[in-house]
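Chemist:
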Amino acid sequence: MKSQFDRPLSIGSPLPRVDAYEKVKGSTKYAADYYGSDVVWAGVKRAGVPHALLKTIYTQRARDLPGVICVLTHKDVPGTNRQGVIRKDQPVLVDDKIRHCGDALTLVLAETRDALNKAIDLITCDVMPIPGVFDVESALEDSAPLVHEDNADGNVLLKGDLKTGKGSAAVEECDLILDGCFETQRQEHAYLETESGWARSEEDGKLVIVCSTQTPFRDRMEVAESLGIDMSRIRIIAPYVGGAFGGKDGVTVQSLLGLAALHSGGRPVKMWWGREESFLSGTKRHAARMYYRLGAKKSGFLHYLNVRLFLDTGPYDHLGGVVLALALEHCGGPYRIQNAVLKGSAVYTNNPIGGAFRGFGVPQVTAAMEQMMDMMAMKLGMDPVEFRLKNAVSRGDQNCVGKTLVNSTGIIDCLEALSMHPLWLERERWKADAGPSKRRGVGVAAVMQASGYGPVVPDYANAKLELSVDGRLCVYCGVVDMGQGNAGTNVQIVGSILAQRADMIDVILPDTDQTLASGSASASRCTYTFGNALIAAAEALKERILQRAADLLMARGKEELALIPGAVRHLKTGREFSLSRIAQLFNPAERVATGHFRAPIATDDLGVPEDLRLHGFPHTLFSYGAHAALTEVDELTGAVDVQRYLAVSDCGNVINPETYEQQIQGSIAQGLGYALSEDFDVTDGKAVTPDFSTYTIPTSADVPEIDSIPVQIYETTGPFGLKGVGEIATNGPLPAVANAVADACGVRIFRSPLTPERVLGAIREKERKESVE
Amino acid sequence: MRITFKLNGVDTVIDTNPDRRVVDLLREDLNLTGTKESCGAGDCGACTILVDRESRLSCLMLAAQLEGREITTIEGVAKGEVLNHVQKAFVEKGAVQCGFCIPGMVLATMDLLSRNPSPSRAEIREGLAGNLCRCTGYQKIVDAVEAASAYPSNE
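Residue numbers (this note's numbering), protein chains in the order written: chain A, 652 to 1424; chain B, 102 to 256.
1) If I follow the unbroken beta strand (DSSP E) through residue 997(A), where does it start and stop?
2) Closer than 7 Å, Cβ to Cβ, to anything on chain B: give me those residues from the region 684-702 of chain A, in chain order.
3) So, are the CB atoms of residue 973(A) and residue 1257(A) less than 8 Å apart?
4) So if DSSP puts residue 923(A) in a beta bridge, which residue, or which two residues, is it bridged to?
5) Three or more C-beta pairs under 8 Å: does that hold for the region 712-723 of chain A against the region 904-918 of chain A?
6) What are the boundary residues of the beta strand (DSSP E) that residue 1100(A) is part of?
7) Excluding the 5 residues preceding and the 5 following residue 1401(A) in the sequence, name in chain order all residues of the same chain whose CB lies nearer than 7 Å to its CB.
8) Considering only the alpha carbon of each residue, which of 253(B), 241(B), 247(B) and 250(B) lies closest to residue 1356(A)?
9) Report, in whole angstroms, the separation of the C-beta atoms of residue 1234(A) and residue 1118(A), which I expect to be a contact under 8 Å.
10) Between the alpha carbons of residue 1392(A) and residue 1408(A), how many angstroms are there, rounded?
11) Can you tell which of 1306(A), 1220(A) and 1333(A) has the C-alpha that lies nearest to the C-alpha of residue 1138(A)?
12) In whole angstroms, what separates the C-alpha of residue 789(A) from that of residue 795(A)?
13) Using a Cβ-Cβ cut-off of less than 9 Å, give me the residues of the region 830-860 of chain A that come near chain B, in sequence order.
14) Do you know how far the Cα of residue 1331(A) is from the Cα of residue 1259(A)?
15) Of all the options 1191(A), 1247(A), 1200(A) and 1093(A), which has the alpha carbon lying nearest to the alpha carbon of residue 1168(A)?
16) Please give the ranges of any alpha helix (DSSP H) in the region 917-978 of chain A, keeping only runs that are unbroken, at least 4 residues long and fully inside the region.
17) Ordered along the chain, which non-local residues of its own chain (more than five positions away) have a Cβ less than 7 Å from that of residue 1189(A)?
18) Between 669(A), 661(A), 893(A) and 950(A), which lies nearest to residue 1158(A) when the distance is taken from Cα to Cα?
19) Extract the residue ranges of the alpha helix (DSSP H) inside the region 1373-1415 of chain A, only unbroken runs of 4 or more that lie entirely within it.
20) For the region 658-676 of chain A, which residues have a beta carbon sitting closer than 9 Å to at least one beta carbon of chain B?
21) Against residue 1311(A), what residues of chain B qualify as contacts under a CB-to-CB distance less than 8 Å, listed in chain order?
22) To which residues of the same chain is residue 825(A) closer than 8 Å at the C-beta, ignoring the five residues directly before and after it?
23) In the region 1251-1315 of chain A, which residue ranges form an unbroken beta strand (DSSP E) of at least 3 residues, counting only runs that do not cross its ends?
24) Compute the distance between the beta-carbons of residue 787(A) and residue 963(A), then report whether it is under 8 Å.
25) On the CB-based measure, 16 or more other CB atoms within 10 Å of its CB, does residue 1424(A) come out buried or exposed?
26) At a Cβ threshold of 8 Å, is residue 168(B) touching chain A?
27) Out of 698(A), 1349(A) and 1065(A), point me to the one whose CA is closest to residue 231(B)'s CA.
28) 8 Å is my cut-off, CB to CB: does residue 1233(A) come that close to chain B?
29) Against residue 184(B), what residues of chain A qualify as contacts under a CB-to-CB distance less than 8 Å, listed in chain order?
30) In terms of residue numbering, what span does the beta strand (DSSP E) encompassing residue 804(A) cover?
31) Nearest chain A C-beta to residue 119(B) closer than 8 Å, yes or no?
32) Checking contacts by CB at 8 Å: is residue 1427(A) closer than that to chain B?
33) Can you pull the DSSP bridge partners for residue 692(A)?
34) Do three or more CB pairs link the region 723-733 of chain A to the region 674-682 of chain A at distances below 8 Å?
35) Does the structure place the region 131-145 of chain B close enough to the region 924-931 of chain A that three or more beta carbon pairs sit under 8 Å?
36) If you follow the alpha helix (DSSP H) that residue 1202(A) is part of, which residue opens it and which one closes it?
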């Protein structure tokens, strides 16, 4: 390890993460670790009912409890009392109507956590229940109760309707038509650090909020608006986050904490949701119902796709419209399909809030499309990889929504690498080795994932880099590190450009008072967008350092100089100036360099309404991948055991192989949980899986060994050729495993997760049908 | 109630409610926030500590149960700036992402290796199955435990 730290950093080397040392010592301070000697505990009374008019809240008994400082309701919220990114429809504290069980009714401040919990239990309210909306298609019927009476389109948050080529008329030209209806479940992020934060109203009137978030700059705007405070009076600090995966892409505790800090008499306030509260109130991957019709020619070319998507967005627009837009854009997969009719709706219900979650609508449609691809390959009598290769897009092609692919497009490279991998080549032998009562199958999936914000919302970053007077460098990170390791990648980029070692570079994590606005930690954009901005800053600082050294040495030009660790060397004479000395010659403004980057956008006119474009449709830059799951099914129990997993990925050139593999492996584990066990189950709006004993995420005993292979195609717009890797691999496991189970047992299960009950039921049903025949 | 125990090698006496959860005692009263809480129900392993060198869940322990015990939290594992063999392996093998599970994972690994000094990958996976991680997919954690088992222990 030492050897990797005592030389200048370079692109492509597996630098151990700069944050790991503090994290293994337990000394990293997360938002959840902020206390203070006179800390006040803040907590929330949740609604517990899915749909009701709120009449009266009874708070007196709680107020009378010793140790309670105050109990706040919507009447105490000074601003709009509304939060949200696009449609601002979520109250900080409910004022008129309860729209899901996790809604916040009152905010309690207390001296101790015990007093807080007792006080919350003492709060009661009168409500008038309203029939709930729990099914996405029923919600669209005329008779359905409305979740938001003021929404222009009933219970539809956003819809999309696209036609390409000849549309449905192309059905006539197909030799084969296949139908499938797929249902995917709600998935919970289950980050280990539940939503947490700490806030204080400073003497100068500034409201400081330290929180576990992916979006400090957007949080500042949301808190300012909902609480009616000038944005310049709010400072959001985002330390290392204990996992997020999209669940902290927006406000969780922030406005509540801000409100609490306005009522704590200047004392610091802490809020930390328990696991059950996190599960109840946090967002979920949208449950989806997806009707697919796929048409092909006998030759094996895809010709027609018809899709109808229904996404359960819950009661609030927690980026649900954006999730729908991505689902529509990806619903035809990485294939050339000239004729399509694609429709989709994000539908308001009284279920838990659907929101951002790694993949952002893409895992759902990939599950459907990739199973349709296997079903079609089987009908055509074609090998599933060959069938995909025959239809896969390459640069210059139009994808299923008609977008011309102008950036690197490596799906064919991925599929070819998979087809030559020993795990794929030797699959028949592996399948034949199944033991008694076991059946083995191998399933594949081709995946794609857009990065960035799409054509309307600017996807920009502003990097800041400082040379200190002692010769050290400091990166002001604009994008949160929620565990993905971008803080370390930033160090690697700076060190490689300025030829410095990791131990000479510090990082300042996102802080709205210190770092520059750079958008959210989401959308596979962090290193792509911020990395490009940081390259600009690092190059500018390098030029400035070399120029000053050249002037000092009366050199002909900066070409005669080179940066070396800690210094600049004049190459002709060998004379050196330390970075510290040069820094001292700079005035403070000269020691700082900034860089700006704005990501390229799609300029294609696909004839979609502005509303859909605002929500990100279409993108221009995509990562790709090809996955294979080697899977064993127990015929007696229906249990599905994924024994090996292969992921080939085109995420551009790799800056740090270690961080890259971490993203792929972690995504696959989450995807396998989605495929096999994770189901955030809700009955009439009420969660029936409130903890880790009922909502089961994969353990170390459940996740197989994963082979990850990067195809390393250089993306010319990326920082050192990189594309996003944060989400892509989440999309593969569900369809790959479902295809493997079909390969093993000859059964297709249209509803995920593939629990033992469902698999066994399908096997028994197949046996029953066969015995009748 | 007065409770006497050894905390990270130091004789410690505290006066607290006997039914105070150990995780709260460590984090709030003793400022040892390296011990994490994630579920509060014994499902996830994030709050793992060593009690007489065996891994235990501090969210399920009460203060009175500390009496006379030898407690190790993550803060007591490194010798100053020098990481122990398990921590070193976790850094080198890329086992750390968000890091919230890592204190518990390191301590659970120390317990595992004390019982089985050279476990197979399958034994490692089985041995750490009580410690949830949501970031890594566990592969690099297994790599790290394998590597740690080959390093000389500096204890």
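Glycine is no exception: its CB is placed at the ideal position from the N, C-alpha and C atoms.
Modeler: Reading from the atomic positions:
1) For residue 997(A), the enclosing beta strand (DSSP E) covers residues 990-999.
2) For the region 684-702 of chain A, residues whose beta-carbon sits nearer than 7 Å to a beta-carbon of chain B comprise 684 and 686.
3) In this structure, residue 973(A) lies away from residue 1257(A), with their beta-carbon atoms at least 8 Å apart.
4) Paired residues: 847(A).
5) Verdict: yes, contact present.
6) Where residue 1100(A) is concerned, the enclosing beta strand (DSSP E) starts and stops at 1089-1101.
7) Closer than 7 Å at Cβ, skipping near neighbours: 831, 832, 833 and 834.
8) Comparing Cα-Cα distances from residue 1356(A) to each of 253(B), 241(B), 247(B) and 250(B), the minimum goes to 241(B).
9) That belief holds up - the Cβ atoms of residue 1234(A) and residue 1118(A) are roughly 5 Å apart, short of 8 Å.
10) Rounded to the nearest whole angstrom, the CA to CA distance from residue 1392(A) to residue 1408(A) is 14 Å.
11) Nearest to residue 1138(A) by C-alpha distance, out of 1306(A), 1220(A) and 1333(A), is 1306(A).
12) Linking residue 789(A) to residue 795(A) through their CA atoms gives a straight-line distance of about 7 Å.
13) Those residues of the region 830-860 of chain A placed with their C-beta closer than 9 Å to a C-beta in chain B are 840, 841, 842, 843, 844 and 845, ordered along the chain.
14) The straight-line gap separating the alpha-carbon atoms of residue 1259(A) and residue 1331(A) is approximately 33 Å.
15) Considering only 1191(A), 1247(A), 1200(A) and 1093(A), the residue with the shortest C-alpha distance to residue 1168(A) is 1247(A).
16) Qualifying alpha helix (DSSP H) stretches, in chain order: 926-932.
17) Cβ within range, chain order: 1116, 1144, 1145, 1148 and 1149.
18) When C-alpha distances from residue 1158(A) are compared across 669(A), 661(A), 893(A) and 950(A), the shortest belongs to 669(A).
19) Within the region 1373-1415 of chain A, the complete alpha helix (DSSP H) runs of at least 4 residues are 1384-1396.
20) Per Cβ criterion, the list reads 665, 667, 668, 670, 671, 672, 673, 674, 675 and 676.
21) Contacts between residue 1311(A) and chain B, judged by CB atoms closer than 8 Å, are missing: the closest CB pair is about 10 Å apart.
22) Shown here for residue 825(A): same chain residues with a beta carbon closer than 8 Å to its own, the five before and five after excluded, namely 946, 947, 948, 954 and 955 in chain order.
23) Fully enclosed beta strand (DSSP E) runs of 3 or longer: 1273-1285 and 1291-1301.
24) With contacts defined as CB atoms closer than 8 Å, residue 787(A) and residue 963(A) qualify as a contacting pair.
25) Residue 1424(A) is exposed by the Cβ-count criterion.
26) Chain A, which has no Cβ nearer than 8 Å to the Cβ of residue 168(B), makes this no.
27) The option with the nearest alpha carbon to residue 231(B) is 1349(A).
28) Not an interface residue.
29) Residues of chain A passing the Cβ test: 672, 675 and 676.
30) Here residue 804(A) belongs to no beta strand (DSSP E), and DSSP marks it neither H nor E.
31) No, residue 119(B) does not count as interfacial toward chain A.
32) For chain A, the structure presents residues 652 to 1424; residue 1427(A) sits outside this window and is missing.
33) Answer is 761(A) and 921(A), bridged to residue 692(A).
34) No contact exists between the region 723-733 of chain A and the region 674-682 of chain A.
35) In the pairwise beta carbon analysis, the region 924-931 of chain A is classified as touching the region 131-145 of chain B: at least three pairs are separated by under 8 Å.
36) Note, residue 1202(A): alpha helix (DSSP H), 1182-1203.
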